[in-house]
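Under my numbering, the first residue of the sequence shown carries the number 35, and numbering increases by one thereafter.
Cβ atoms here follow ideal geometry from the backbone N, Cα and C, with glycine treated the same way.
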Amino acid sequence: MSRRLRMEVYGAVQGVGFRPFVFRLAEDLGLVGWVINDTRGVFVEVEGPRERLEAFRERLVAEKPPRSEIHAVEVAWLDPAGFEGFEIRHSDPGGQKTVVVLPDIATCDDCLAEVFDPADRRYRYPFTNCTNCGPRFTIVEAVPYDRPNTTMRIFPMCADCRREYEDPRDRRFHAQPNACPVCGPHLSLVDARGTLLAERDDALEGAAVAVEEGRILALKGLGGFLLIVDARSQAAVVHLRERKARYEKPLALMTADLDGAGGLGEVTAEAAALLAGPEAPIVLLPRRPDSGLAVAVAPRNDFLGVMLPYTPLHHLLLRRLGIPVVATSGNLSDEPICIDETEALERLGGIADVFLIHDRPIARHVDDSVAAVVAGAPRPIRRARGYAPLPVLLDGPAPTLLAVGAHLKNTVALSVGERVFLSQHIGDMETAQALGAFERVIADFLDMYEAEPVAVVHDLHPDYASTRWAEGAVAGEGRLGRLPLVAVQHHHAHLASCLAENGGGRALGVTWDGTGYGTDGTVWGGEFLAGDAAGFTRVAHLRPFRLPGGDAAVVEPRRSALAALWEVMGERVWDLEDVGAVAAFAAAERAPLGRMLATGFRTPATTSCGRLFDAVAALGGLPSRVSFEGQAAMLLEHAVDPGVNDAYPLPLVEGSGPMVLDWGPLLEAVLGDVRRGVPVGTVAGRFHNALVEGILAVAAAAGEPRVALTGGCFQNRILTERAAARLEGAGFEVVLHRRVPANDGGISLGQIAVASARWGGGKEETA
35 MSRRLRMEVY GAVQGVGFRP FVFRLAEDLG LVGWVINDTR GVFVEVEGPR
85 ERLEAFRERL VAEKPPRSEI HAVEVAWLDP AGFEGFEIRH SDPGGQKTVV
135 VLPDIATCDD CLAEVFDPAD RRYRYPFTNC TNCGPRFTIV EAVPYDRPNT
185 TMRIFPMCAD CRREYEDPRD RRFHAQPNAC PVCGPHLSLV DARGTLLAER
235 DDALEGAAVA VEEGRILALK GLGGFLLIVD ARSQAAVVHL RERKARYEKP
285 LALMTADLDG AGGLGEVTAE AAALLAGPEA PIVLLPRRPD SGLAVAVAPR
335 NDFLGVMLPY TPLHHLLLRR LGIPVVATSG NLSDEPICID ETEALERLGG
385 IADVFLIHDR PIARHVDDSV AAVVAGAPRP IRRARGYAPL PVLLDGPAPT
435 LLAVGAHLKN TVALSVGERV FLSQHIGDME TAQALGAFER VIADFLDMYE
485 AEPVAVVHDL HPDYASTRWA EGAVAGEGRL GRLPLVAVQH HHAHLASCLA
535 ENGGGRALGV TWDGTGYGTD GTVWGGEFLA GDAAGFTRVA HLRPFRLPGG
585 DAAVVEPRRS ALAALWEVMG ERVWDLEDVG AVAAFAAAER APLGRMLATG
635 FRTPATTSCG RLFDAVAALG GLPSRVSFEG QAAMLLEHAV DPGVNDAYPL
685 PLVEGSGPMV LDWGPLLEAV LGDVRRGVPV GTVAGRFHNA LVEGILAVAA
735 AAGEPRVALT GGCFQNRILT ERAAARLEGA GFEVVLHRRV PANDGGISLG
785 QIAVASARWG GGKEETA
């Protein structure tokens, strides 16, 4: 007997060829019915014999398109309706919007072959794509994901493209960005004043020549502009750094293929899979000494950030050049990347010499993602193109909440049911441009999902720009007006974020970073929090010390060194004239700094592990001043001598409150080694090993079987891998980040998890 099977499929199932897959599957099994997209997912009704319907049900999940992601399937058995044939129906725009918008997908092999085939009608066409690749998140403006809801609606398809688009058996069936040289976007090359220099293929050639001549090219890509120069030219790279005001932070590289990447850095099998995968992030690779790159690409850094071309435009340019290029964000430091030609000419006119642009509008800015292989698996460092806005699934439904993230490496998050949609990387909230981008992303998410949050979640720190924005938003008359605010402690959010992407539950959270506002009003950063999303207990922390000038220490590791030494030995620190970090202070600086440390004026107390890294780096002879946060810690990590197996003392002290890891004996040992001329590699190795042993000691004392390593310090490969190995060897289950960054880019997810748990009546955190 015939039956009718109704299936509702939820997840990343639009823009991945799911409907033509269903069509072909139904045809293969001789079934009739229909399939449709709507604002929640894909809906299917098929009729036929029960055994064939069972096969359809099993194969739909087992053989799904490779880029799809099924979160849930609801099934109902119904009486036959008498369908004739199988049809793909037009999308339904009604209902609650919960469908997953797909990230942008790197060019597939089939499209790439067409681009470089002289006999193909898309030969050398920079905007070639199909259902398996191409822009998604950067062109969609509303759901469901159909061409009228994208920025491609301004390009009517020619007859050939329309035929592909309407054929369920074609690779381009309902590929919303489908286009060709006849009907699609095209390239233009303009100078810094906007004067047209060339179009189409001539524009691409002109751009390549500009790079070869040592000039700076601004290229409009998927989610914004990239600034491109010859990575082998010291003069070109230095010129770019000066104009961009980015003086030492490593610059991303792009090379034509995996062989090119292997010539720059060490490419393991895991790294190769990341580089060549559909997400195509920037991957951190140990650099080769014979790479031939300009020193200025990544000064004093043992790693390079390398990516492969991810659009036909990038492939065409890189193959034409045949050299690695710097491909860094099209912005001034601390600003979001440009996405519009007019904006780019205004903001980048003083940086770039020529602009390679196109006429396909970008709906939203999306940076390149950054990842690294740590502890044998990919770990995100910056989550954007290729990953955002894919959701993280909670272990149960959450109220609709808007979380506005942290102050640095900001992202925002929106919960809809059990899904938490994470925004692309927004960046540091230090400029008016960054705040504007932050506001646009929030409006974008609320509009796309037609969401009505029941609360706004923010960091506990009262002076974060995101906190102030949240307070202003709920105090106003807009769509968030008069909503309740939920404040979440920074390190609790780190722990909850790591747990949320690992199935929930509880753990001992080793939450180490540079700074976070504690529940006691001090600056935390070296925390051991036992708990779950609903609440925590602060079971241990690093010994606190006072930082003269507060945030000034971020770019002056010598201040952290001075502060830590003062904590141990008081004003006798000035007698250490043979210690470079102390000698770095001029006579005029010493008296005011001494008064600040003696009186506590403008010297906030901190347990920051990040600042302890800075202190040891400065004492070890690494730079006493740096140009970006975390640079000293990065240099200390890269300095580690892998042959060092012993550790400095880092005793665990128990008292009436939280346990304290006392780094006082460690600092004295560091000081002794430095004065004896022990190499910095040995100092760095013993310091890292001490931190690992300290983590193990607290874990043993806390008694939690599960340990989560989270916070910006766990971007450190050596610290993470050694701590994980020691903990696992001692029988602990170790939880690491897999889908969101360990740094503040994951805070918004944790804020959602904490607020959702509290909404359900969970306990509060405690100090």
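Through-space distance from residue j to residue i, alpha-carbon basis
| i | j | result |
| --- | --- | --- |
| PRO114 | ARG91 | 16 Å |
| PRO412 | ASP493 | 28 Å |
| VAL322 | ALA673 | The question names Val, yet the displayed sequence has Arg at residue 322. Their Cα atoms are separated by approximately 16 Å. |
| PHE337 | ILE104 | 36 Å |
| ARG38 | HIS208 | 26 Å |
| ASP62 | GLU85 | 14 Å |
| GLU561 | HIS459 | 25 Å |
| ALA213 | THR637 | 60 Å |
| GLU121 | GLU108 | 21 Å |
| VAL694 | ALA466 | 40 Å |
| ARG760 | VAL726 | 8 Å |
| GLY691 | ASP675 | 36 Å |
| PRO152 | PRO346 | 15 Å |
| GLU798 | LEU519 | In this prediction, GLU798 has a pLDDT of 47, which is less than 50 and means its spatial position is unreliable; nothing more can be read from the coordinates. |
| ARG58 | PRO202 | 8 Å |
| CYS756 | VAL408 | A small fix is needed here, since residue 756 is Arg in this sequence, not Cys. The alpha-carbon atoms of ARG756 and VAL408 are separated by roughly 11 Å. |
| LYS283 | ARG593 | 21 Å |
| ASP609 | VAL708 | 15 Å |
| GLY240 | LEU351 | 10 Å |
| ALA440 | ASP778 | 6 Å |
| ARG772 | PHE570 | 22 Å |
| LEU366 | ALA279 | 7 Å |
| HIS348 | TRP503 | 37 Å |
| ILE385 | TYR483 | 37 Å |
For residue i, the three-state DSSP class (helix, strand or coil)
| i | result |
| --- | --- |
| CYS643 | helix |
| ALA789 | helix |
| GLU103 | strand |
| GLU798 | Here the model assigns GLU798 a pLDDT of 47, short of 50, so the residue's position is not dependable and the matter cannot be decided. |
| TRP503 | helix |
| ASN33 | Absent from the model: residue 33. The displayed extent of the chain is 35 to 801, so no value can be given. |
| THR553 | coil |
| SER594 | helix |
| GLY75 | strand |
| TYR199 | helix |
| SER531 | helix |
Presumed contact (8 Å Cβ cut-off) between residue i and residue j, rounded CB distance
| i | j | result |
| --- | --- | --- |
| GLN268 | VAL329 | 6 Å |
| PRO137 | LEU424 | 6 Å |
| LEU456 | LEU783 | 6 Å |
| VAL50 | THR165 | 7 Å |
| SER125 | ASN71 | 4 Å |
| TRP546 | GLY555 | TRP546 to GLY555, Cβ: 20 Å. No contact. |
Outcome for residue i when other beta-carbon atoms lying within 10 angstroms are tallied against a minimum of 16
| i | result |
| --- | --- |
| THR633 | exposed |
| LEU684 | buried |
| ARG53 | buried |
| ASP144 | exposed |
| ASN723 | buried |
| VAL687 | exposed |
| THR376 | exposed |
| ARG629 | exposed |
Selection from the options that minimises the alpha carbon distance to residue i
| i | options | result |
| --- | --- | --- |
| GLU452 | ASP429, LYS443 and GLU473 | ASP429 |
| PRO433 | LEU442, VAL450 and TYR421 | VAL450 |
| ARG792 | ALA567, GLN749, VAL650 and ASP612 | ALA567 |
| ALA405 | ALA418, ALA742, GLN48 and GLU486 | ALA418 |
| ARG381 | VAL388, CYS372, PHE389 and ASP387 | CYS372 |
| ALA265 | GLY604, GLN48, LEU287 and GLY258 | LEU287 |
| GLU246 | ALA226, TYR281, ALA270 and LEU261 | ALA270 |
| ASP585 | GLY550, VAL607 and GLY565 | GLY550 |
| GLY711 | GLY614, ASP547, VAL588 and ARG354 | GLY614 |
| GLY116 | CYS142, CYS747 and GLY67 | GLY67 |
| GLU473 | LEU318, HIS348, LEU436 and GLY780 | LEU436 |
| PRO127 | GLU97, PRO169 and ASP180 | ASP180 |
| GLY537 | GLY628, TYR682, ARG740 and ALA485 | ARG740 |
| THR184 | VAL446, GLN210, GLY168 and GLY339 | GLN210 |
| ASP236 | ALA226, GLY248 and HIS220 | HIS220 |
| GLY218 | ARG155, LEU274, VAL177 and MET668 | ARG155 |
is_contact[residue i, chain D] using C-beta, thresh 8 Å
| i | result |
| --- | --- |
| VAL475 | The question asks about chain D, but that chain is absent: this structure has only one protein chain. |
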